[in-house]
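Asker: Below is the structure I would like to discuss, written out as structure tokens.
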Amino acid sequence: MQPIMTNMAALAVAALFYLWRAHYQAQQRRRRILCQRVAYLLWVVAAQIKNSDSGLSAACRS
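In my numbering, the protein residues as written are 32 to 93.
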């Protein structure tokens, strides 16, 4: 009976760890996707600003 309880305790600890790790990895994945989206947003905005600045500069020279 003693080895069965020890094995069940080890199984419970392992199950808790795997559940925690799955949750942690899901959070990390969401954060990584959010960071990538924000970086892309900033890149697009910077490109638009760069293009609009060059257009304004050309218009001011005329």
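Glycine included, each C-beta is placed from N, C-alpha and C at the ideal position.
If you run the structure through DSSP and keep just helix, strand and coil, what is Met-36?
Answerer: Translated into positions along the sequence shown, residue 36 becomes position 5. Met-36 carries a helical assignment under DSSP once its states are collapsed to helix, strand and coil.
Asker: I'd like the list of long-range same chain contacts for Val-38, defined as Cβ closer than 8 angstroms, with 5 residues on each side in sequence excluded.
Answerer: Reading the sequence shown from its first residue, position 7 is the one you call residue 38. For clarity, residue 38 is Asn in the given sequence; the question names Val instead. Cβ neighbours of Asn-38 beyond the five flanking positions: none.
Asker: Taking the alpha-carbon positions, what's the Gln-33 to Ala-57 distance?
Answerer: On the sequence shown, residue 33 is found 2 positions in, with the first residue counted as 1. On the sequence shown, residue 57 is found 26 positions in, with the first residue counted as 1. Whole-angstrom Cα-Cα distance: 37 angstroms.
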